[in-house]
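Q:
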C-alpha cells in the first residue's frame, strides 16, 4: 500500500505544525471538527467510563470474597453489577475501538483528510457525553438495580430505582452510535484515495464497515425498546407487564435483537485491529485477505439472526430453540476461520514481540477460548444447565475483555506513537500485557467451573461451597486491575517524556504510517495515490502461490 | 470456614436425575473439543513464535498468503464438528423437554423472593420441594410478579417462571438426598436469597411426609369449592346444556376457537379462559363469561385448574390404553 513516499524533513516534532499544536485552548478542543481530536475527546471520556465500570467491578469482586458478602448489602451489590454492565457495555465497549481508533484511523487509512461529516462527528461526541452524564448522574443519585439487560416486568413495574434516567442515558448515547456508523459508512464509500479499491482496504476498515452496518441497523431497535420500557414505567401502557396486558418475553426479543449484534459491535473492530497487528509484527501479508474481509461481513449479517439463543430456557418453543441453535453455530464458523487465518499469517513470518504483538497474540488465545465455550451455550441441552450461571459470565468476559479489551489495548499501544508522536517504555508495556493475561485468566477461568457447578450469576450472597473459586477469581481481579493501571501511568508519562517516535516506528505498511507523527491537521500534505494491496511487505521471491 | 480453604473445590456438580448423565456426556465432549482446539492454536502460535522470530532487522518474510484448499479445510472441519454437536445437543434437548405421560404434577408459584410449592394432595411448602425418587415429576410454574427461574443444578434442569402464563419442566430424580434449588433469573433485591432445597425421598418416606401435612383437602377439592363459590357451576353444567361448555373430559382435547385456531386445552389455555375469557371464545357459545382477573389469585387459579383436570382428561385416557 505504499505510495510515492514524501520526504520527511528531520526536524523535531515540536517545531512542526501538527494536529495537537495547531491551536491551543479548551475552545479549540471542544469546537474541533478534526477527526483526530474528536478521537482523543472520546479516548479521555471512555477511559473515565472504564474507570467507573472498573471500580464497580473491583467492589463486586471484593464483596464476593465472603459467601455472605464482605462489603455491601444485596441492594447495593445489585446496583454495582448494574452500573458495571451498563457503563462497560454502552459507554465503554460499544464506542471503544470505533470512536477512538476508528475515528482517528479511518480517514488516515483510506487516504482522506477527515470523515465525511466532521461536524456530525463532533455532535456524536456531545450526544455521547449527554447520555453518559445522565447515566452517571442517575447512578450516583440512587442507582439502578435492573442489570444492564433491563428485563421486564421487573424494570417496568417493580424496580424502585432510577430506571428512567439510566435508560434515557443509554437511549441518547445510542444516537451517537448511529451517527458515527453513518459517518463511517459514507466516509468509506466516498472518501477513499485514488487507487484505494475495496480490496486494497486494510482489514481494519472492513471490520469498521461491518460494525457501522450493525450500528445503523441495530441501535434504533434498542432505542425503541427502551422508549417502550419508559412508556410502560411512566404511563402504565401495557406492553411488557402481563398485569397490564403486556407480554413479558417481548422485551427480551427486542432487547436481544440489538444486544446480540452489539456483541459483534464490540468484537468486530477488535478483529480488525488484530489483522493490522499480526501483519505488522510478522511483516507479512495477511493470510486469506478476502476470506477475513468477508467473514466480517457474514458475521455482521448472521449476528442479527441468533438473538433467540439468549432465550432457550424462557419457555420459547422447541422449534424456535432448534432454529436459533443452528444459526448460532453458523455464526461461530467465520470467527473460527479468522483465528486460523491469523495463525497462518505467522507462518514463515519475521515475527517480533513488541507490546502490541503480545496483546494481539493474547487476543487470539483468549478469543479462541471464549469462542469455543460459546459452543456450550449454543448447544441446547447444555445451555439449559449453564444459562444464567457464571459459565455465561466467564464466556462473555473472555470475548469482551479477553477479546475486545485486549484488542483495544493492543491497538492503543500500536498507534500511540502515531497519535502522540511519542514512544512509551516497551518493557513496561510488555510487562503489563503479561500481567493482564495472567490476571484475566485467574479472574475468569474459575468462573467457568463455578457455572458448571451451578452458581447463578448476579448473586450477592452464595452457598459457602463456592467460596474457594470465588476467592481465586477475586485474587485474579486484583492482578488484572494492576495490569490496567500500569499502562495508564506510562501512557501519561510518555506524552511528556517519551522519546520521539518518528513517522513509522514499527516499519509498518498502511497510509497512516506514511505521514508524520503526530500527523498534521490535514493528515497528508498531498492525497496519496494507492498502487498496492494492503500489507504489501517485501517477500522472499520463492514463495509458492496456491 | 477454615475447612473450605483446605478442601479442594469440587469440579463436578452432583448428577442426580435421569437426564444429568446425558447432559454431562455432551459437556465432556465439548470440553474435549475446546481443549483440543485451544491446545492446537496455542502450540501452533508458540511454535511459529519461536521458529519464525525476527533474527535481523532487514529480514524478509516468506510463505504463502493464500491457499484455497487450506481455507476450505478449516471451514469444513469446524462446520462438521458444529453439525455433530448441534444434532447431539438438539436430540437430547427435544428428548429432555418431553415429560413422560405418567408424571406426577407439582405446582410452583414464584414471588419476590420465595418459592411457594403446592402438591396435588394439598400439601404446601415454602422454599422446599419434597419429591419421591425414581418418579417422573412435572413442575407447573407461574410467577406472581417478575420473571423468576426455577433451577436445580443437580438435575440439570432450568426453566423461566413467567408472570401471566405457565411454564413447566420435568425431572426424574435417581438418588435420594438434598439438592440446591436456585432462582436463576435476576428478580430484584433478594434474588440471591430466593433459594431452597430439593429433598429426594424414598416413595414410602414421601408418602409419610405427605400424610404428615395438616391439609385436609386436596388441590382439586379446594378447586371444586371455588368452582361453586364463584358461580362457575351455574353456566358450566356437566351435561353440556348450560350457557357455557361442559368441562367434563375437556382437558387435553383439541378445541376449535372462534378465531378459527385449534388449540389443545392445557393449563395455560384454562388460565386464559378464566382471566381473559374473550381470548379463548368458542364458536357455539355467546361471549358472556366475565373476566376473573384480579379476583382469583395464582394459587386459586391452580386449584381451579386442578379441579377441571380432575373432571377427566383426554391425556389420561390415551395414556391408559
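Protein chains in written order, with the working numbering: chain Y, 1 to 546; chain U, 547 to 867. Yeah, the Cβ is synthetic: ideal placement off N, Cα and C, and Gly gets one too.
Give the residues from the region 300-320 of chain Y that approach chain U closer than 9 angstroms (Cβ to any Cβ), ordered along the chain.
A: Listed by position, the residues of the region 300-320 of chain Y near chain U (Cβ gap below 9 angstroms) are 311, 312, 313, 314, 315 and 318.
Q: In angstroms with no decimal places, state the Cα-to-Cα distance between residue 406 of chain Y and residue 95 of chain Y.
A: As a first step, residue 406 of chain Y must be located in the first chain, where it is residue number 406. As a first step, residue 95 of chain Y must be located in the first chain, where it is residue number 95. Their backbone Cα atoms lie some 15 angstroms apart in a straight line.
Q: Can you confirm whether residue 647 of chain U, when its beta carbon is compared against all beta carbons of chain B, has any partner nearer than 8 angstroms?
A: In the structure shown, chain B cannot be found, because the protein chains are Y and U.
Q: Could I get the ranges of all uninterrupted alpha helix (DSSP H) runs contained in the region 92-141 of chain Y, with 4 residues as the minimum, in chain order?
A: If we require 4 residues or more, the alpha helix (DSSP H) runs fully inside the region 92-141 of chain Y come out as 103-110 and 118-140.
Q: Check whether the Cβ atoms of residue 692 of chain U and residue 158 of chain Y sit closer than 8 angstroms, and answer yes or no.
A: Taking the first residue of the second chain as position 1, residue 692 of chain U is located at position 146. Taking the first residue of the first chain as position 1, residue 158 of chain Y is located at position 158. In this structure, residue 158 of chain Y lies closer than 8 angstroms to residue 692 of chain U by Cβ.
Q: Alpha carbon to alpha carbon, how far is residue 61 of chain Y from residue 74 of chain Y?
A: Mapped onto the first chain, residue 61 of chain Y falls at position 61. Mapped onto the first chain, residue 74 of chain Y falls at position 74. Near 14 angstroms, if we compare the C-alpha coordinates of residue 74 of chain Y and residue 61 of chain Y.
Q: According to DSSP, is residue 330 of chain Y part of a helix, a strand, or is it coil?
A: Locating residue 330 of chain Y in the first chain gives position 330, where the first residue counts as 1. In the structure shown, residue 330 of chain Y sits in a helix (DSSP, three-state: H, G or I).
Q: Between residue 587 of chain U and chain Y, is the shortest Cβ-Cβ distance under 8 angstroms, so that the two count as touching?
A: Residue mapping note: residue 587 of chain U aligns to position 41 of the second chain, counting from 1. Yes, residue 587 of chain U counts as interfacial toward chain Y.
Q: Leaving out the 5 sequence neighbours to the left and right, which residues in its chain are closer than 6 angstroms to residue 346 of chain Y when beta-carbon positions are compared?
A: Sequence index remark: in the first chain, residue 346 of chain Y carries index 346 (1-based). Result list for residue 346 of chain Y: 282, in chain order.
Q: Among U:569, U:556 and U:587, which residue has its Cα nearest to the Cα of residue 338 of chain Y?
A: Walking along the first chain from the start, residue 338 of chain Y turns up at place 338. Residue U:587 is the option with its Cα nearest to residue 338 of chain Y.
Q: If you drop the 5 nearest sequence neighbours on each side, which residues of the same chain put their C-beta closer than 8 angstroms to that of residue 619 of chain U?
A: The sequence position of residue 619 of chain U within the second chain is 73, counting from 1. Nothing listed; no residue qualifies.
Q: How would you call residue 514 of chain Y, buried or exposed, if buried means at least 16 neighbouring beta carbons within 10 angstroms?
A: Reading the first chain from its first residue, position 514 is the one you call residue 514 of chain Y. So residue 514 of chain Y ends up on the buried side.
Q: DSSP state of residue 688 of chain U, grouped into three classes?
A: Start at 1 with the first residue of the second chain, and residue 688 of chain U comes out as number 142. Three-state DSSP puts residue 688 of chain U in a strand.
Q: With a 10 Å radius around its C-beta and 16 neighbouring C-beta atoms as the bar for buried, classify residue 506 of chain Y as buried or exposed.
A: Your numbering for residue 506 of chain Y matches position 506 in the first chain. Buried, by the Cβ-count rule.
Q: Would you say the region 300-317 of chain Y touches the region 521-529 of chain Y, given that touching needs at least three Cβ pairs under 8 angstroms?
A: The region 300-317 of chain Y is not in contact with the region 521-529 of chain Y.
Q: Could you tell me if residue 309 of chain Y is buried or exposed, where buried requires 16 or more neighbouring beta carbons within 10 angstroms of its beta carbon?
A: Numbered from 1 along the first chain, position 309 holds the residue referred to as residue 309 of chain Y. Buried is the call here.
Q: Grab the span of the alpha helix (DSSP H) containing residue 751 of chain U for me, first residue to last.
A: Looking up residue 751 of chain U in the second chain gives position 205. Unbroken alpha helix (DSSP H) run through residue 751 of chain U: 749-757.
Q: Can you name the residues of chain Y whose CB is closer than 8 angstroms to the CB of residue 733 of chain U?
A: For the purposes of this step, residue 733 of chain U is identified with residue 187 of the second chain, where counting begins at 1. Within 8 angstroms Cβ-Cβ: 154.
Q: On a CA-only basis, which of Y:435, Y:443 and Y:113 is nearest residue 395 of chain Y? Give me that one, please.
A: Residue mapping note: residue 395 of chain Y aligns to position 395 of the first chain, counting from 1. Nearest of Y:435, Y:443 and Y:113 to residue 395 of chain Y, Cα basis: Y:443.
Q: Beta carbons nearer than 7 angstroms to chain U: which residues of the region 370-387 of chain Y have them?
A: Under the 7 angstroms Cβ criterion, the region 370-387 of chain Y contributes 372, 373, 375, 376, 379, 380, 381, 382, 384, 385 and 387.
Q: Per the contact definition of three or more C-beta pairs closer than 8 angstroms, is the region 407-418 of chain Y in contact with the region 96-112 of chain Y?
A: Result yes; three or more Cβ-Cβ pairs closer than 8 angstroms.
Q: Please return the same chain residues whose Cβ sits closer than 6 angstroms to the Cβ of residue 393 of chain Y, not counting the five positions on each side in sequence.
A: Within the first chain, residue 393 of chain Y is the residue found at index 393, counting from 1. Same-chain partners within the cutoff: 447 and 457.
Q: For residue 782 of chain U, decide whether its Cβ has a neighbour in chain Y, counting only Cβ atoms nearer than 8 angstroms.
A: As a working note, residue 782 of chain U is residue 236 in the second chain. So, not an interface residue.
Q: Does residue 25 of chain Y pass the burial test, meaning 16 or more other C-beta atoms within 10 Å, or should it be called exposed?
A: If you number the first chain from 1, residue 25 of chain Y lands on position 25. With fewer than 16 Cβ atoms within 10 Å of its Cβ, residue 25 of chain Y is classed as exposed.
Q: May I have a chain-ordered list of the alpha helix (DSSP H) segments no shorter than 4 residues that lie completely inside the region 613-653 of chain U?
A: Qualifying alpha helix (DSSP H) stretches, in chain order: 614-642.
Q: List the residues of chain U whose Cβ lies closer than 7 angstroms to the Cβ of residue 288 of chain Y, in chain order.
A: By one-based count along the first chain, residue 288 of chain Y stands at place 288. Those within 7 angstroms of residue 288 of chain Y in chain U are 612 and 617.
Q: If residue 822 of chain U sits next to residue 800 of chain U, beta carbons under 8 angstroms apart, how far is it from one beta carbon to the other, in whole angstroms?
A: On the second chain, residue 822 of chain U is found 276 positions in, with the first residue counted as 1. On the second chain, residue 800 of chain U is found 254 positions in, with the first residue counted as 1. At roughly 20 angstroms, the Cβ-Cβ gap does not stay under 8 angstroms, so residue 822 of chain U and residue 800 of chain U are not in contact.
Q: Would you say residue 665 of chain U reaches chain Y, if we count a Cβ-Cβ gap shorter than 8 angstroms as a contact?
A: Counting from one through the second chain, the residue named residue 665 of chain U turns up at place 119. Closer than 8 angstroms: no.
Q: Mark residue 390 of chain Y as exposed unless 16 or more other C-beta atoms lie within 10 angstroms of its C-beta, in which case mark it buried.
A: Numbered from its first residue, the first chain carries residue 390 of chain Y at position 390. Buried: at least 16 other Cβ atoms inside 10 Å.
Q: Relative to the alpha-carbon of residue 364 of chain Y, which residue among Y:376, Y:350, Y:348 and Y:344 has its alpha-carbon at the smallest distance?
A: Locating residue 364 of chain Y in the first chain gives position 364, where the first residue counts as 1. Comparing Cα-Cα distances from residue 364 of chain Y to each of Y:376, Y:350, Y:348 and Y:344, the minimum goes to Y:344.
Q: Is DSSP giving residue 357 of chain Y helix, strand or coil here?
A: Taking the first residue of the first chain as 1, we reach residue 357 of chain Y at position 357. It is helical.
Q: Spatial neighbours of residue 329 of chain Y within its chain, please: CB distance less than 7 angstroms, with the 5 preceding and 5 following residues excluded, ordered by chain position.
A: Taking the first chain and counting its residues from 1, one reaches residue 329 of chain Y at position 329. Closer than 7 angstroms at the Cβ level, and outside the excluded window around residue 329 of chain Y, lie 378.
Q: For residue 661 of chain U, does the count of other Cβ atoms within 10 angstroms reach 16, so buried, or fall short, so exposed?
A: Translated into the one-based positions of the second chain, residue 661 of chain U becomes position 115. Burial call: buried.
Q: Which whole runs of the alpha helix (DSSP H) in the region 364-448 of chain Y are 4 residues long or more, in chain order?
A: As far as the region 364-448 of chain Y is concerned, its whole alpha helix (DSSP H) runs of at least 4 residues are 380-386, 390-399 and 406-420.
Q: Quick check on this structure: which residue in Y:150, Y:129, Y:192 and Y:249 has the alpha carbon closest to the alpha carbon of residue 175 of chain Y?
A: Here residue 175 of chain Y is taken as the residue at index 175 of the first chain, counted from 1. Taking only the C-alpha atoms, the option nearest residue 175 of chain Y is Y:129.
Q: Hey, quick one: how far does the beta strand (DSSP E) through residue 706 of chain U stretch, first residue to last?
A: Locating residue 706 of chain U in the second chain gives position 160, counting from the first residue. Its beta strand (DSSP E) spans residues 703-707.
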